[in-house]
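Here's the structure we're looking at; comments come further down.
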Amino acid sequence: MFVEPLMKIVTLKNLKQAYALVSKTSIGLDQVSVEIFEKNLQKSLQEIVHEVTTGRYAPEPMSRIYVPKENTTELRPLGLGALKDKIVQKTIALELSSHFDKEFSDKSYGYRANKGTLKAISRVKDYIGKGFVHVYRLDIENFFESISHSKLLSLLEQRISDQKLRHLIALFLKNGSFQRYKYIEHFEGIHQGDPLSPLLANLYLNQLDWFWENNHIGFVRFADDSVLFAHSQKELNHTVAMTNRYLRSLSLLPNPNKSKKAHVIKEGFDFLGVNFKGFETSIAKSKLDQIIVKQNEIVKRFHPFSEMTQRLNEQFVGLKRYYLKIIDEESSQFELLQNALLLSLGKRVAQERKRGLLTTKRAFRSLLMELEFPYSFELVAKKDFVERIINRGLEAYLATKQYKKSNKKISAKKREYAKRYATSSVLYISEIGTFLGVAKHTIVLKQKGKVIYKMPKTQCERIIIDSTSVSLSAALVKLCAEMGIGIDFIDLYAKSTPYASLYGNRNAYAKLSLKQLKILETPMQLKIAKAFVKGKVKNQINYLKYLNRYHKILDLPILSMEKRLVTMLQKAQTSNELMGYEGQSAVHYWQGLSQVVEEKVNFTHRIGYGASDLVNSALNYGYAILYSRVQYHAVRAGLSLHISFLHALDDNKPTLVYDMVEEYRAFVVDRAIFSMVNSREPLKLDKNNRLDSKSRQLITKKVLEKIGSFTKHKRASKKVDTIMAEQAYMLVRAIKGLTTYKPFIGKY
0 MFVEPLMKIV TLKNLKQAYA LVSKTSIGLD QVSVEIFEKN LQKSLQEIVH
50 EVTTGRYAPE PMSRIYVPKE NTTELRPLGL GALKDKIVQK TIALELSSHF
100 DKEFSDKSYG YRANKGTLKA ISRVKDYIGK GFVHVYRLDI ENFFESISHS
150 KLLSLLEQRI SDQKLRHLIA LFLKNGSFQR YKYIEHFEGI HQGDPLSPLL
200 ANLYLNQLDW FWENNHIGFV RFADDSVLFA HSQKELNHTV AMTNRYLRSL
250 SLLPNPNKSK KAHVIKEGFD FLGVNFKGFE TSIAKSKLDQ IIVKQNEIVK
300 RFHPFSEMTQ RLNEQFVGLK RYYLKIIDEE SSQFELLQNA LLLSLGKRVA
350 QERKRGLLTT KRAFRSLLME LEFPYSFELV AKKDFVERII NRGLEAYLAT
400 KQYKKSNKKI SAKKREYAKR YATSSVLYIS EIGTFLGVAK HTIVLKQKGK
450 VIYKMPKTQC ERIIIDSTSV SLSAALVKLC AEMGIGIDFI DLYAKSTPYA
500 SLYGNRNAYA KLSLKQLKIL ETPMQLKIAK AFVKGKVKNQ INYLKYLNRY
550 HKILDLPILS MEKRLVTMLQ KAQTSNELMG YEGQSAVHYW QGLSQVVEEK
600 VNFTHRIGYG ASDLVNSALN YGYAILYSRV QYHAVRAGLS LHISFLHALD
650 DNKPTLVYDM VEEYRAFVVD RAIFSMVNSR EPLKLDKNNR LDSKSRQLIT
700 KKVLEKIGSF TKHKRASKKV DTIMAEQAYM LVRAIKGLTT YKPFIGKY
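Residues in the sequence shown are numbered consecutively from 0, following numbering that gives the first Met the number 0.
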């Protein structure tokens with residue numbers, strides 16, 4: 000029985016000792032940091048003593064967070080307590096541990112002085128050496144969250160005489176936590192992360208230890224992980240059955256996914272990150288992978304180079320103390336760890352050299368020699384290992400440079416042929432009196448009865464007609480419908496959408512249309528609408544940033560648009576509000592572009608249908624080309640063109656296309672047109688202030704080239720046209736509730 004009263008435990012001297020040992024890495028809900036606490040350390044500790052001795056002390060609610068469990072997708076809840084509460088708990092834990100440790104079994108190794116993992120491993124090897132080859136690897140399911148408060152408090156009542164001390168421990172047990180703004184009551188379990196929790200866990204499981212001891216069952220326990228030993232399978236089965244019955248009396252259960260029987264010689268087993276098979280030990284594969292992944296993350300993540308070396312040295316301490324004592328220096332695992340480090344650091348050297356942050360061998364050598372490698376290197380061997388790292392990295396850097404030179408040539412040819420194909424797969428007709436028909440497997444263009452052009456049907460992806468005096472044969476329409484070739488009619492007077500399009504009727508899906516309708520007036524509609532606007536504005540911002548690299552005059556519109564983007568995505572509650580914010584952002588965008596081209600053309604603001612200036616007329620015409628392609632992909636995906644989420648529904652307009660086109664405007668059309676303006680391409684207006692025929696053909700060519708060009712998207716090089724198709728099908732999946740619609744954000 001522990002008889003020391005609470006008043007003699009929570010003293011100024013004991014609190015100071017606990018404060019020196021307690022973890023200070025997190026801040027509780029009271030927001031009292033180490034810096035604040037230490038400003039008046041003596042006073043702060045005296046206040047704790049006063050509160051405890053007068054019975055006024057109460058712990059602060061905890062902050063609950065979740066961290067991943069090792070080698071699983073599950074999350075482990077952690078409670079972050081206030082610093083003052085951790086000090087009180089640590090003080091109590093220090094006093095109780097020395098007393099209760101005498102009661103614990105010598106086969107319990109977790110959270111105890113002069114015990115630890117290495118001694119637990121030695122005990123396991125000792126059992127195996129004595130012929131205990133049948134084992135049961137026991138893992139208790141959600142142990143810390145499953146401990147019964149009533150059973151634990153009853154246990155404490157039997158072993159602690161002071162009621163005030165028991166009452167204080169009960170307060171810590173029952174203390175709830177906040178997860179964001181929601182308070183979570185704590186009816187069972189102990190908080191992982193509390194300084195008192197390891198002792199309470201051992202005290203609770205000490206009952207299980209003595210159950211095993213009294214039944215002469217061989218075991219090794221570390222916290223809630225245990226290994227039970229038997230000479231035969233029959234004996235092991237009996238042991239497991241007894242153990243599971245006793246666990247239920249403690250309100251605990253074995254974890255069915257991690258608890259398993261094994262034969263040491265035949266298949267072996269893992270315990271505490273170590274694999275036991277026969278009389279050999281090695282690092283468990285899952286733990287070895289975890290060590291290498293963690294090592295690679297440190298090398299990749301931490302900057303500058305000096306911080307990386309510091310973080311690696313911290314990891315090396317743990318390796319040296321434990322895992323490298325388990326394996327022999329001649330083992331394949333030892334070599335694997337060395338090679339993984341060599342490869343990872345070599346990549347980092349190559350990256351630093353590429354960025355120009357470190358350029359000489361001497362600089363790399365100086366920093367790498369600061370690494371305290373966990374391997375038993377002599378100075379000469381360490382220098383040799385460092386040289387191998389540097390040479391590997393610099394060789395990779397030089398190889399990358401050569402590869403990039405070669406890759407540039409390949410990419411140039413790729414872009415060249417992509418542009419060719421983008422225009423050669425599209426029939427653009429603007430000549431009056433042109434007839435389109437089919438002859439065998441070929442699309443034929445005639446004027447005045449004479450064949451002027453032929454295109455294999457397999458080559459044609461799209462037909463654009465920019466004339467009111469073009470005739471089509473029924474055979475051509477049938478062929479296009481069967482092969483999915485879209486026919487788009489563009490208005491001569493620069494209306495920014497095709498006034499008509501012909502498609503086959505195979506792409507209409509009634510069920511999908513119903514799903515589109517059901518989304519209207521729901522949160523999902525606004526979510527999709529916001530994605531369209533985010534894509535549009537983000538691409539506009541990125542285009543201005545690209546231009547600003549050279550012009551250096553666009554900081555203000557970029558900043559204004561970025562603020563608008565955050566506001567519209569956070570505050571907009573309806574599509575109309577969203578459109579309002581988008582319109583405000585557009586003002587800054589077009590003002591920025593007008594500054595870029597003001598010396599070349601007279602462009603002050605954006606004008607849609609009916610524009611009579613060169614830039615707006617060119618933009619309108621380019622958008623018409625873009626609209627027709629986006630509409631094609633929407634139709635192919637089976638979307639209903641008249642059911643939209645951002646723009647208002649209109650029976651006479653394909654408003655969904657207006658939604659979908661938003662994220663491509665800046666990346667495809669604006670780039671094409673303003674690039675033409677800046678490079679003084681021969682764009683002209685006729686006497687009626689309309690684009691002349693050559694200008695329309697040139698704009699068509701440039702926009703089609705952009706649509707057919709390659710860009711980086713989702714870590715792959717893709718045609719913009721392919722991205723449009725993928726986005727259309729992503730929208731379909733979003734409408735069905737299978738995914739979240741994410742807009743296309745171009746790389747400039």
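Every residue gets a Cβ at the ideal spot worked out from N, C-alpha and C, and that includes glycine.
Is residue i helix, strand or coil when you go by DSSP?
| i | result |
| --- | --- |
| L370 | coil |
| V2 | coil |
| F103 | coil |
| D269 | strand |
| E279 | strand |
| T399 | helix |
| P522 | helix |
| A362 | helix |
| S708 | coil |
| N615 | helix |
| K717 | strand |
| L737 | coil |
| R136 | strand |
| K257 | coil |
| L426 | strand |
| I159 | strand |
| N141 | coil |
| N274 | strand |
CA-CA distance, residue i and residue j?
| i | j | result |
| --- | --- | --- |
| L235 | R165 | 39 Å |
| E102 | F372 | 41 Å |
| Q445 | A733 | Looking at the sequence provided, one finds Lys at residue 445 rather than Gln. C-alpha separation (whole angstroms): 45 Å. |
| L170 | P58 | 7 Å |
| N39 | A530 | 51 Å |
| S512 | Y728 | 14 Å |
| D105 | L44 | 36 Å |
| K686 | I706 | 31 Å |
| I442 | L478 | 9 Å |
| I35 | K42 | 12 Å |
| N174 | L198 | 17 Å |
| A261 | F131 | 11 Å |
| E415 | V348 | 35 Å |
| N541 | Y747 | 7 Å |
| K652 | T710 | 31 Å |
| I168 | Q162 | 10 Å |
| S678 | H550 | 15 Å |
| S107 | K233 | 25 Å |
| P681 | V600 | 12 Å |
| M6 | V51 | 8 Å |
| S196 | I189 | 6 Å |
| E725 | A499 | 24 Å |
Could you give the C-beta distance for residue i and residue j, rounded to a whole number, given that I count them as a contact under 8 Å?
| i | j | result |
| --- | --- | --- |
| N214 | M241 | 7 Å |
| I672 | V614 | 7 Å |
| L790 | A112 | Because the chain in this structure spans residues 0 to 747, residue 790 falls outside the shown range and cannot be described. |
| Y110 | A222 | 7 Å |
| L227 | Y321 | That pair is no contact at about 23 Å. |
For the ligand COA, is there any heavy atom lying closer than 7 Å to the beta carbon of residue i?
| i | result |
| --- | --- |
| S305 | With respect to the ligand COA, the structure shown offers nothing to examine, as it has no ligands at all. |
So within the stretch 635-703, which uninterrupted alpha helix (DSSP H) runs reach at least 4 residues, ignoring any that extend past its ends? You should have 654-660 and 670-677.
Note down, one range per segment and in chain order, each alpha helix (DSSP H) of at least 4 residues found wholly within the stretch 292-359. 304-317 and 331-354
Check whether the stretch 13-30 touches the stretch 78-95, counting contact only when three or more Cβ pairs, one atom from each stretch, lie closer than 8 Å. yes
Every unbroken alpha helix (DSSP H) within the stretch 429-517, with a cutoff of 4 residues, ordered by chain: 473-482
With a floor of 4 residues, list each alpha helix (DSSP H) that falls wholly inside the stretch 164-249, ordered by position along the chain. 196-213 and 232-248
Could I get the ranges of all uninterrupted alpha helix (DSSP H) runs contained in the stretch 536-613, with 4 residues as the minimum, in chain order? As far as the stretch 536-613 is concerned, its whole alpha helix (DSSP H) runs of at least 4 residues are 554-570 and 574-596.
At least 3 beta-carbon pairs within less than 8 Å: the stretch 176-190 vs the stretch 10-23: no
Is the stretch 554-564 touching the stretch 576-594, taking contact as three or more C-beta pairs under 8 Å? Under the three-pair Cβ rule at 8 Å, the stretch 554-564 counts as touching the stretch 576-594.
Every unbroken beta strand (DSSP E) inside the stretch 9-88 [3 residues or more]: Restricted to the stretch 9-88, the beta strand (DSSP E) segments that are unbroken, complete and at least 3 residues in length are 61-67 and 74-79, listed in chain order.
With three or more C-beta pairs closer than 8 Å as the rule, is the stretch 617-629 touching the stretch 468-482? no
Segment contact, 8 Å Cβ cut-off, at least three pairs: the stretch 660-680 with the stretch 692-710: Contact between the stretch 660-680 and the stretch 692-710 is present, because at least three Cβ pairs lie under 8 Å.
Is the stretch 531-540 touching the stretch 659-669 in the sense that three or more CB pairs, one from each, lie closer than 8 Å? yes
Any chance the stretch 382-401 sits against the stretch 432-439, with 3 or more Cβ pairs inside 8 Å? no
Evaluate contact between the stretch 633-643 and the stretch 706-720, counting only Cβ atoms and requiring at least three cross-stretch pairs below 8 Å. no
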